[in-house]
Amino acid sequence: MDYIAEPNLKELINSTTHKWIFVGGKGGVGKTTSSCSISIQMALAQPTKQFLLISTDPAHNLSDAFGEKFGKDARKVTGMDNLSCMEIDPSAALKDMNDMSVAQNDKNDGFSDLLQGGGLAELTGSIPGIDEALSFMEVMKHIKRQEEGEGEKYDTVIFDTAPTGHTLRFLQLPQTLSQLLQKFGEIAGRFGPMLNSLTGGGQNMDIMGKVDELKANVEKIREQFTNPDMTTFVCVCISEFLSLYETERLIQELMSYDMDVNSIIVNQLLFADDDAEHNCRRCQSRWNMQKKYLDQIGELYDDFHVVKMPLCAGEIRGLNNLKKFSQFLNKEYDPVADNKIIYELEEQK
Amino acid sequence: MSEISDAERRRILREKRQQKFSKGGASTRLAKITGQTENSFLSTESPLDSRESSYPAQETKSSTGNEDSTKQMDELLAKATSKTTSKASSPPGSAEQQSGNPELDLFAQIAKLQQNANNGTDPADPSGAPDIFAQLMASMQQDESKGGSPGATAQQPIDPAVVEAHNIAVNKLKSYTILVKWLFFLLPYLYYITRSARDAFQHNAVNYVLDKSNFFTVFTTFEIVALSVYYQLLMSAEKSHNVNTLDNNSKILKLVSMVPPGLVPIPNLRGKVVQALQYWDVVSMYLTDLCFAIVLAGFFQYYHSM
């Protein structure tokens, strides 16, 4: 029997099993708008559940998308009781770590003097991949908090990811860490007692215990990330050659990590054929180009939920505009019936 | 017919998707996309296909131990080497040359630049200025044409199988030369001069050769003749195989070739090293034969005194 994937995200929006949803794609294709839209639709569809939207992109856009300031701690979106946002800020997180180290160390030793000036933050801030590592730490923190019943509990976490390369590194982290920790475990197993004595055996510091705990957490995340009922990736693209190519590569990379990916949002479509009022030569030729790649998308991704989203007349910023736009994720955009909505977006001051 | 659950439907769709991407399907999909546009330089090599070939079974990933790690590393290295070779040999700009791996891309870039260096300029450079690799190659060629050995000029890549066959032939030639020298000249010669067999021969020339005081003259003359014959045969072997023995076997020469011109204040360093190595080859063969002659002389002295 041939099953067809619907051209909308209704299934995901109403999903009660998904815990982690990643939204990613090439730069400038509308990842933030799409992740905000998915979060809003999920929050509206499941009012009893709590949702958290995290931006892991070092160049954060969430605050601008919603028109209100979010920081490193989760904060509720004004006007929505069950949707919170946070922007992971590597420099702030590193500064916290720095301050913690200063507090733990003896104030008179040389190392503390170095840390006083934010030395740790400066040193580690320039390490490649630190954003991804911090995002991953955030995920681990979140899981721990959930288990211990501390703070706000979130049923689903949506990630507004950085452009493809960053995201792939982030998603690779559990696997890499898992392998690294396994190797470390083997080595530490042999030299464990010696390591303990070297690092102050008097304080009974159990290195092996810490490593095992970390390994268990990483393994848990890896299991969750590769469980299609718990984690999915939504690809965002525009109907152009390079974007389509990068989307295909992203999907293949994700599949190589055993991650589920079944939805593609195609943004910025002109639908010029059905827009008699605004149908200039440029729009027509661009729409013809978009149609060419849409045909290929249809051919390549017939088993995916391919959602075609319109290019709006104004910027999609602010909760109201996002709500208007995001409805097309739940019920596919009809170029004739819904045409007027794309001209109705409020201008943000 | 009963309705299937949403979870079951999702699973069926997921399996259908995975099926489409498996067994080379992933690369075909990428080729389909890049085929849409003319002159696309994007890679059609899929991460899924490379994973399938690197890790044929899922168990490989979960297995532990040094042997498995070494095996995986060997596989990766072999793959990287084969990729580099194929990239270097394929024409520049071909789709296979593009890869996500920056190290491999670097090799491809160098190969491309070296090919461009033969034309003197980099076609990608609109200014027409020769690139750094082209300049390096040109300066090396100039340097060598001024006084370097003929074999030291810019090398064409030689098939390793040909080099191996040549090496076998050279080793055989060397062994036969030593065998002939030792068995058919040094052994009887040393036997006779240690036996004081001068009076046994009436001919003056033979007596001169068998005179102990003429040993070094006779020995050196013989060595010059034998080495000349050997080098003639070696050169004809090099000519027929089109392989330079020193260039392909000497580690010292390979190291010297890596030194950029101008770094060491010796003009035509490579040519000088080639010459020094050739002299060393001659001297070492002479010394080996001399050592053998001394050992034999000692042995025969003992034998005759018995």
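Residue numbers (full-length UniProt numbering), protein chains in the order written: chain A, 1 to 349; chain B, 1 to 306.
A virtual CB, placed ideally from N, CA and C, is assigned to each residue, including glycine.
- Cβ contact annotation for S240 (chain B) (same chain, cutoff 7 Å, sequence separation greater than five): none.
- Contact check for T56 (chain A) against F159 (chain A) passes: the beta carbons are separated by less than 8 Å.
- The distance from the Cβ of L253 (chain B) to that of L234 (chain B) is about 16 Å, inconsistent with a contact at the 8 Å cut-off.
- For the options A:K340, A:L300 and A:K331, the alpha carbon positioned closest to that of E277 (chain A) is the one of A:K340.
- Put simply, the backbone Cα of L311 (chain A) is about 13 Å away from that of L322 (chain A).
- The DSSP-derived three-state label of V243 (chain B) is coil.
- Using a Cβ-Cβ cut-off of 8 Å, R270 (chain B) does not count as an interface residue toward chain A, since no Cβ of chain A sits closer than that to its own.
- Chain order gives the chain A residues near F21 (chain B) as Q252 and M255, where near means a beta carbon separation below 7 Å.
- Residue A:L134 holds the alpha-carbon nearest to the alpha-carbon of F170 (chain A) among A:K141, A:E223 and A:L134.
- Secondary structure of R75 (chain A) (DSSP, three-state): strand.
- Residue A:L214 holds the alpha-carbon nearest to the alpha-carbon of F184 (chain A) among A:L214, A:D155 and A:K72.
- By a beta-carbon distance limit of 8 Å, K10 (chain A) does not contact N267 (chain A). Their separation comes to about 18 Å.
- Look at the beta carbons and you see the segment 253-271 of chain A not touching the segment 45-59 of chain A: under three pairs across the two are nearer than 8 Å.
- L250 (chain A) is positioned such that its CB atom lies no closer than 8 Å to that of T176 (chain A).
- Within chain A, the residues Q252 have their CB atoms less than 7 Å from the CB of S46 (chain B), given in chain order.
- One alpha carbon belongs to T78 (chain A), the other to L173 (chain A), and they sit about 33 Å apart.
- Here T232 (chain A) is near L12 (chain A), since their CB atoms are less than 8 Å apart.
- A straight-line Cα-Cα distance of about 11 Å links P188 (chain B) and A293 (chain B).
- Looking at the DSSP output, I21 (chain A) sits in a beta bridge with A:I158 and A:T232.
- For the C-beta of Q172 (chain A), not a single chain B residue is nearer than 7 Å; the gap to the nearest is close to 11 Å.
- When DSSP states are grouped into helix, strand and coil, V264 (chain B) belongs to the coil group.
- Inter-segment contact for the segment 29-44 of chain B and the segment 286-302 of chain A is present: three or more beta-carbon pairs are separated by less than 8 Å.
- Remark: C-beta atoms of A5 (chain A) and F304 (chain A) approach each other more closely than 8 Å.
- E45 (chain B) and Q18 (chain B) have their alpha carbons spaced roughly 17 Å apart.
- Put simply, the CB of T37 (chain B) is near chain A, with a gap under 8 Å to one of its CB atoms.
- In the displayed model, N14 (chain A) falls within coil according to three-state DSSP, outside both helix and strand.
- The bridge partners DSSP lists for L270 (chain A) come to none.
- When the beta-carbon positions are compared, T167 (chain A) and F51 (chain A) stay at least 8 Å from each other.
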